[in-house]
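What follows is a set of notes on a single structure, which appears directly below.
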Amino acid sequence: MTDFTNTTSHTLEQLRQAENKLTTMLWHAGNIVQQLSSEQVPREQIESIARSFSENAQAVQLLLHTSVANLERISSGLPHEDSCYGSWLDFNLASMRTETIRNKLYELKNNSQLQRSRERVKELEGQLAQL
1 MTDFTNTTSH TLEQLRQAEN KLTTMLWHAG NIVQQLSSEQ VPREQIESIA
51 RSFSENAQAV QLLLHTSVAN LERISSGLPH EDSCYGSWLD FNLASMRTET
101 IRNKLYELKN NSQLQRSRER VKELEGQLAQ L
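Numbering of the sequence shown is given in our numbering, commencing with residue 1 and proceeding in unit increments.
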């Protein structure tokens, strides 16, 4: 597997973990509501469920924050781990410069005034050589 595939798999696994923790959070929230609706509310049990809910909420927040930060870094076009955008951009800019230079050289090669100037320089060099 390539590094990109490993990173993608790791990111997807983090998102699956966040989804599982969200499911657990919803289950705990349902239990809290159910416990609160009963006549006798066991305080320790509600505190335990609320603590689990809070811990899962913090874990989900951290996972989602990390995922969003990775997506922001990727979408901003800034170089990041497994990014080939910088290299791709350098290549495209170099290709455009090469094409521009090639076009300029072609224009110079086929420029009739430049051809006449070259011929005139050769004539003058010939005259200078005869002196």
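Don't be surprised by glycine CBs; every beta carbon is placed ideally from N, CA and C.
9 Å Cβ cutoff met for residue i and residue j
{"i": "T64", "j": "A29", "result": "According to the sequence as given, residue 64 is Leu; it is not Thr. Cβ distance not < 9 Å, so L64 and A29 don't count as in contact."}
{"i": "T11", "j": "S52", "result": "no"}
{"i": "I46", "j": "Q58", "result": "no"}
{"i": "L26", "j": "S67", "result": "no"}
{"i": "L114", "j": "L108", "result": "yes"}
{"i": "I49", "j": "N31", "result": "yes"}
Exposed unless 16 or more other CB atoms sit within 10 angstroms - verdict on residue i
{"i": "K21", "result": "buried"}
{"i": "N110", "result": "exposed"}
{"i": "N92", "result": "exposed"}
{"i": "N103", "result": "exposed"}
{"i": "M1", "result": "Low confidence applies to M1: its pLDDT is 48, below 50, so where it sits in the model is not reliable enough to give any reading."}
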